[in-house]
Structures are given as structure tokens and as C-alpha cells.
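Note that full-length UniProt numbering gives residue 156 to position 156 of the sequence shown, counting from 1, and the numbers run on in steps of one. Built from N, CA and C at the ideal position, the CB exists for glycine as well. Remember, predicted model here, so these are calculated numbers, not experimental data. Single-structure report; data block below.
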Amino acid sequence: MARAFLSLSSTSYLTPPSPSLQIPSFSFKGNVTNLKPNPCTILSPRLDLKNLGKERRHSMVVVNKAAQAQQAAAAPENVRFRLNNLGPQPGSRKKGKRKGRGISAGQGNSCGFGMRGQKSRSGPGVRKGFEGGQMPLYRRIPKLRGIAGGNDYKPLNRLKQTNESYRGSAEL
């Protein structure tokens, strides 16, 4: 058992690491300019300066997330932006702070809500436009006068003219 483990661990550094192919479950999202890979070669971490020419170099390719999605999905060059492949850029959307998860969550004991008041208590809070018992703005503005929507007056003289024009014609 120990010999098998030793043989597995000793040969693992001789074989170059296989590139992992990550196939995302989503279609292409984002800008086409972000899909270009950014390769850079890095020497093996087991570098011996005395045997620099003798030891085999391993080249690794460091690629950003968008380039991995391009390699995995192999998006065509003529990508049409449609509703099914629109999405935010990777890293552009930041998750909001989860308030009220204890003092170890990073917002302190009262989570930035203060000590007293209705907004610091649990529950849904106050409705939109609520001003703490004061008459709210949408009820203070001047009241509309007259009938809501106004009256629509129909011009009777034009109605009579159209009726007379139809009476004179033989087509109906």
C-alpha cells in the first residue's frame, strides 16, 4: 500500500499537468473582446539553477475566466447578441451585504441600522412615502379641481353635417 502510494506520488511531478476543460452550462455571455486568451509561460516550480539546461521545462498557460469560456464553448466569430445570450460581464455584479447575520458578519452589532427606531426593528419596515405620521407629500400637493379627466364635448354641428351628407348620397 505504501509502495503504491509512493510510486503514484513520485511519478506525478514527471508528467505535465493535463489542461482541464471546463464546459459551462450557460451559453456565451459578455463582450467578444474579452474572449482573447492571455497566455504567459511560467517555469516549473521545481527549478534547479545548476541543472537549468538539463531539466525539462513545463509551460503553463494562465487564462482568465472569459477566455476559458471561449475555449470551452468555441463561440463562432460572428456572434449575434440576442436575448438568450445577454448577461453581465464576469465580475461586474457584486453581491450585496447580507444584513442582520450577527456581529461576525462585518457590519457590527446593529448592522448599520442604528439602535432605535422603526427601521432598526425586525419586520417589513415602513411603506413607500411614509413620513412618520406627518401628512405625506402625495397627500399635501394641491388637489385637482373639476371632474377627473374632464368633460368631452362633441361638436353637434359637425355631426349634423355628416348626417346630411349621407342622406344625399345613394350609396349606403
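Of G96, G102, G117, K94, the smallest CA-CA separation from G132 is found for G117. Taking G100 as reference, the option from K94, G91, S110, R93 with the minimal CA-CA separation is S110.
Taking C-alpha positions only, R98 is separated from N151 by approximately 53 Å.
The alpha-carbon separation between P124 and G102 amounts to approximately 19 Å. Across the set K128, G129, G112, the C-alpha of G112 shows the shortest separation from the C-alpha of R121. Each residue's CA atom was taken as its position, placing G129 and G114 some 21 Å apart. Counted as a single uninterrupted DSSP element, the stretch harbouring R121 is not any alpha helix (DSSP H), since DSSP gives it neither H nor E. CA-to-CA, the gap between E164 and F81 works out to about 59 Å. Residues of the same chain with a CB within less than 8 Å of the CB of P136, apart from the 5 flanking positions on each side, are G129, F130 in chain order. Inter-residue distance for K94 and K119 is about 25 Å (C-alpha atoms, whole angstroms). Distance between A105 and G96, taken at the CA atoms: about 13 Å.
Here the alpha carbon of S92 sits roughly 57 Å from the alpha carbon of K154.
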